[in-house]
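Peer 1: The structure under discussion is supplied below as structure tokens; questions concerning it will follow.
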Amino acid sequence: MRKLFIALQLLLFTGFASSTKILTSTNVFWGTDGGNVFPGVSVPFGMVKLGPEVRAGWQPTSGYRSDEPIVGFSHTRTSGTGGAPRYGNFLIVPQIDSMRLKELFKYTKLNEAGYPGYYTVTLKDKNSYIKAELTASQKVGYHRYTFTKKYSQTNALNANILIDVSNTLTRLTNNKPGTYWTDGYVKIVSSTELQASITCEGGWGGLNPYTVYCYMEFDKPFTKAQLWRDGEFINRKELATTNPEKLLKRFGAAVTFAGLSGMEVNCKVGLSFLSFEAAMLNLRSENNKSFEDALSTAENLWLEKLNKIQIKGGSVVAQQLFRSALRNTMLMPTNVTGEVPGWNPNVPHYWDYYCIWDIFRATMPLYTLIWPDKQREFIQNLLEIYKQRGYLPDAWIAGDYAQIQGGSNADVVLADAVVKKLGGFDPRLALDATLKNAEIQSDNPNLKGRYVNDYQKYGYVLPETTKGTVSRTLEYAYNDYCIAQIAKSLKESLLTEKYTRQSLRVFNLFHPEHKMFWAKDSVGNWMPDFSPVSKRKDHWNDPYFYEGGSQIYSTYLPHAMQTLIAKHGGNAEYIKYLDNLFDSGVFGIENEPEFLIPYQYIYAGDYPSTARRVHEILTKTFQPGTAGIPGQDDAGSMSAWYVWSAMGFFPVAGQDLYLIGTPLFEETTIQLENKKQLRISAKNVSSKNIYVTGATLNGRKLNRAWFRHSEIAKGGKLVFIMSDKPNDWGKENLPYSL
């Protein structure tokens with residue numbers, strides 16, 4: 042690992058761990074295999090995500106798998122997402138001596154390493170070695186390549202940089218790419234500069250075409266610069282081309298630097314979604330920063346964010362997973378403020394909510410607690426999308442709506458901000474936006490809004506209307522409750538009563554025999570062939586439940602847990618239901634609808650089972666290593682679950698409520714707004730002492746397994762007394778619900 046370029050003041054930032062340790066103990070490769078975590082470089086929420094790219098039969102959406110050789114380094118990515126990939130723009134491929142244009146060469150990789158803001162690997166091809174180092178700012182990618190030949194009769198070499206302008210991350214279906222380019226351009230500007238643009242579409246969620254521009258600057262003059270297309274050099278300095286067939290055609294530029302073994306080549310790549318001029322301005326605004334300067338800035342930005350939560354005690358593994366998880370929550374959404382044609386550059390703008398269905402439950406409440414300014418920006422962005430385009434998004438990818446996976450869950454995000462008094466936005470506008478979701482069906486409710494017509498007429502969505510009908514209805518019910526909370530904050534009593542009442546209609550789908558929710562037809566008859574689990578391998582296409590079965594979704598009544606428990610016949614019966622989910626293997630914390638399930642024992646007065654189940658997930662399901670995240674990380678959602686649970690509590694998004702689990706660390710200090718701190722102390726905590734048997738909050742006895750955001754928003758001290766044996770703590774004074 043190379044020396045860290047860290048400012049002295051940040052070395053003194055915290056007594057919990059040195060700045061060096063915070064960065065180097067953050068594993069950027071955690072969850073890359075299966076979890077699709079992006080291991081490359083960016084600043085928090087950065088527009089540039091520069092990292093290694095592989096080619097695999099089932100192309101990861103992050104562009105990376107640890108067991109695949111590297112083909113190059115591209116500048117735009119997502120992290121943790123599923124489905125067909127997109128982005129992967131402007132692939133940089135370093136080569137020695139011979140120039141390979143016909144196909145992407147797969148390098149053997151050596152000495153791969155990284156931490157937030159820095160990535161390095163050595164690419165090997167026979168006796169040639171290329172050390173690659175990457176860092177990034179918000180809109181500029183920084184490359185440093187060191188070219189070495191061993192066992193050669195001569196010390197001379199040609200250092201080549203191939204720029205594949207046409208590159209995208211893709212998967213082939215019927216020999217056609219799922220993501221492709223339609224229009225492209227590249228130009229040799231000078232002896233040290235290139236510019237290029239590409240228009241792409243395709244990937245998960247919709248076509249969503251976008252154009253991205255780049256301006257590249259090298260630190261030394263080219264010995265030779267050429268353009269190429271479809272594996273052949275062309276005698277031109279400028280090329281504009283199209284791809285109407287949407288095939289895997291390739292084009293770009295190639296530059297050569299003659300020198301000696303050990304020579305270093307630096308390259309800066311400025312990006313913009315506006316124009317070549319904007320890309321060049323983004324590059325020039327870096328004021329000729331060196332690689333080290335850019336790296337130091339990136340390190341400091343990451344340290345500032347990672348130091349928002351400081352931890353002491355616990356195992357080395359738990360500390361590493363915690364910091365790695367915290368880093369993963371800051372890779373998406375992507376800040377494109379000032380970069381989107383037709384949008385106000387003074388209003389925060391983000392792409393790649395991938396999707397709110399994934400991030401509303403844990404990730405966004407985390408922002409509200411530790412990065413409230415960032416959450417205000419997201420909400421301002423969501424409301425601006427509503428103002429400009431007519432509806433709040435669930436998925437907003439490359440500047441357009443994309444597939445809705447369930448309910449109108451931006452409603453939950455807005456309610457969460459309202460009940461926690463986040464501020465910084467117009468709550469009346471938030472109410473208007475959520476009411477439109479609930480009352481006016483859009484021209485395409487698969488992309489925006491809800492299936493309002495069915496829901497208003499029947500109280501549920503019909504199976505013939507769309508897929509995932511029951512899970513949509515369950516989410517609509519909670520969306521209604523969240524609308525009621527926004528209305529309540531504005532003293533709109535009639536709306537509050539209407540949407541609270543409407544949020545309970547979902548129990549019309551509660552099957553009294555199976556004690557689960559199931560689909561009905563238009564005359565109220567149960568659909569046949571009841572199944573507690575999805576019968577489809579492609580469970581995202583299940584007719585009744587999206588990415589889960591009835592057993593899992595039948596727990597999703599965050600606002601009406603007491604009603605649900607009563608339907609089961611009381612606390613003991615609901616505890617049995619939850620136990621069966623775990624003991625039968627149905628529960629696996631592999632997807633977001635499962636997030637609250639381990640904490641639901643608290644509603645039935647059984648806190649010890651919550652502690653036991655949560656601790657088991659934290660220590661046995663989440664593991665170190667590239668395959669350590671259960672399921673896809675989904676833009677940091679799984680990582681956010683780990684962050685919350687390791688601290689010892691979990692939010693109920695849309696409510697002023699946290700449920701207590703079991704902390705992993707002796708001390709946790711959360712830096713809140715206005716220089717306030719929330720200090721969490723877990724006395725006697727250990728791998729065996731996992732049960733809270735007593736607690737105090739700000740010096741007062743806390744005899745319940747939950748607390749409100751309002752009780753910690755201004756800081757304070759939360760003390761847990763831990764034991765290896767549970768007692769009756771948390772059995773009484775249960776969380777409020779309908």
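Each number in our numbering corresponds to the 1-based position in the sequence shown with 41 added.
Don't be surprised by glycine CBs; every beta carbon is placed ideally from N, CA and C.
It should be emphasised that the depicted structure is a prediction, and the values quoted were computed from it without experimental measurement.
1) Do the segment 416 to 434 and the segment 475 to 490 touch if we need at least three Cβ pairs shorter than 8 Å?
2) Does the separation of the CB atoms of I670 and V627 fall below 8 Å?
3) Quick check on the DSSP output: the beta strand (DSSP E) that includes D495 runs from which residue to which?
4) Who pairs with R185 in a beta bridge, going by DSSP?
5) Would you mind stating whether E633 and S678 have Cβ atoms separated by less than 8 Å?
6) So which of I701, R749, P776, N715 has the shortest CA-CA distance to I794?
7) Give the C-beta separation of D521 and Q543 to the nearest angstrom, bearing in mind that I take them to be a contact with Cβ-Cβ under 8 Å.
8) Tell me, to the nearest whole angstrom, how far the beta carbon of V206 is from that of F292; I am working on the premise that it is less than 8 Å.
9) Can you tell me whether F314 is buried or exposed, with buried defined as 16 or more other CB within 10 angstroms of its CB?
10) Quick check on DSSP: helix, strand or coil for C396?
11) In this structure, what does DSSP give as the bridge partners for N199?
12) Which residues mark the beginning and the end of the beta strand (DSSP E) in which I762 is found?
13) Can you pull the DSSP bridge partners for Y699?
14) Could you please give the first and the last residue of the uninterrupted alpha helix (DSSP H) stretch that includes T163?
15) Cutting at 7 Å between CB atoms, please list the residues of its own chain near T189, excluding the five before and the five after it.
16) Tell me whether the segment 647 to 658 and the segment 408 to 424 touch, counting them as touching only if at least three CB pairs, one residue from each stretch, are closer than 8 Å.
17) Between which two residues does the alpha helix (DSSP H) carrying S231 extend?
18) Check whether the Cβ atoms of E258 and E234 lie closer than 8 Å to each other.
19) Anyone know if the C-beta pair for A781 and T514 falls short of 8 Å?
20) So within the segment 324 to 409, which uninterrupted beta strand (DSSP E) runs reach at least 3 residues, ignoring any that extend past its ends?
21) Would you call the segment 327 to 344 in contact with the segment 266 to 284, where contact means no fewer than 3 C-beta pairs closer than 8 Å?
22) Rank K290, A266, W245, Q194 by C-alpha distance to the C-alpha of I239 and give the top, closest one.
23) If you compare alpha carbons, which of M371, F706, I111 is closest to A97?
24) Measuring alpha carbon to alpha carbon, tell me which of A451, L659, G92, K461 ends up nearest K477.
25) Taking Cβ positions, are F571 and W559 nearer each other than 8 Å?
26) To the nearest whole angstrom, what separates the beta carbons of I63 and L410, a pair I think is in contact under 8 Å?
27) Under 8 Å by Cβ, that's how I've got T117 and V253 pegged, so tell me the actual separation to the nearest angstrom.
28) Should I47 go down as buried or exposed, given a rule of 16 or more other Cβ atoms within 10 Å for buried?
29) Can you round the beta-carbon distance between F663 and Y699 to whole angstroms, since I take them to be within the 8 Å contact cut?
30) Output the distance between the C-alpha atoms of H750 and N582, rounded to the nearest integer angstrom.
31) Nearest by alpha-carbon distance to R720: which of S728, Y732, A754 is it?
32) Determine the DSSP secondary structure at E94, reduced to helix, strand or coil.
33) Determine the DSSP secondary structure at Y777, reduced to helix, strand or coil.
34) Can you check DSSP and say which residues form a bridge with E708?
35) Helix, strand or coil for V253, going by three-state DSSP, please let me know.
Peer 2: Concretely, from the data shown:
1) Three or more beta-carbon pairs separated by less than 8 Å link the segment 416 to 434 to the segment 475 to 490, which places the two stretches in contact.
2) Not closer than 8 Å, so no.
3) Taken as a continuous stretch (DSSP letters only), D495 belongs to no beta strand (DSSP E), being part of the alpha helix (DSSP H) at 493 to 499.
4) Paired residues: E174, N307.
5) Closer than 8 Å, so yes.
6) Past the edges of the chain, shown from 42 to 779, lies residue 794, and the structure says nothing about it.
7) Yes, D521 and Q543 are in contact; Cβ-Cβ is about 5 Å, under 8 Å.
8) Right, the Cβ-Cβ distance comes to about 6 Å (below 8 Å), so this counts as a contact.
9) Taking all protein chains shown into account, F314 has 16 or more neighbouring C-beta atoms within 10 Å of its C-beta and is therefore buried.
10) Coil, per DSSP.
11) Partner(s): A299.
12) I762 -> beta strand (DSSP E) spans 757 to 764.
13) Beta bridge pairing from DSSP links Y699 with P692, F748.
14) Unbroken run through T163 is the beta strand (DSSP E), 159 to 166; no alpha helix (DSSP H).
15) These residues qualify, in order along the chain: Y170, S302, G303.
16) Too few Cβ pairs lie closer than 8 Å, so no.
17) Careful: S231 lies outside any alpha helix (DSSP H) and carries neither H nor E.
18) Here E258 is near E234, since their CB atoms are less than 8 Å apart.
19) Any answer about residue 781 is impossible in this case: the structure gives the chain only from 42 up to 779.
20) Within the segment 324 to 409, the complete beta strand (DSSP E) runs of at least 3 residues fall at 350 to 353.
21) When Cβ pairs closer than 8 Å are counted between the two stretches, the segment 327 to 344 is seen not to touch the segment 266 to 284, the count staying below three.
22) The shortest C-alpha separation from I239 is found at K290.
23) Of M371, F706, I111, the residue nearest in Cα terms is I111.
24) K477 has its Cα closest to that of A451, out of A451, L659, G92, K461.
25) Pairing F571 with W559 gives a Cβ-Cβ distance under 8 Å.
26) About 19 Å separates the CB atoms of I63 and L410; that is not less than 8 Å, and the two are not in contact.
27) With a Cβ gap of about 7 Å, T117 and V253 count as contacting.
28) Only weak support exists for where I47 lies, its pLDDT of 42 falling under 50; the coordinates are left without a value.
29) A Cβ-Cβ distance of about 20 Å is found for the pair F663 and Y699, leaving them out of contact under the 8 Å criterion.
30) Taking the straight line joining both Cα atoms gives about 37 Å.
31) Of S728, Y732, A754, the smallest CA-CA separation from R720 is found for A754.
32) DSSP places E94 in strand when its eight states are reduced to three.
33) Coil at Y777, not helix or strand.
34) E708 pairs with K353, S722.
35) Note: V253 maps to strand in three-state DSSP.
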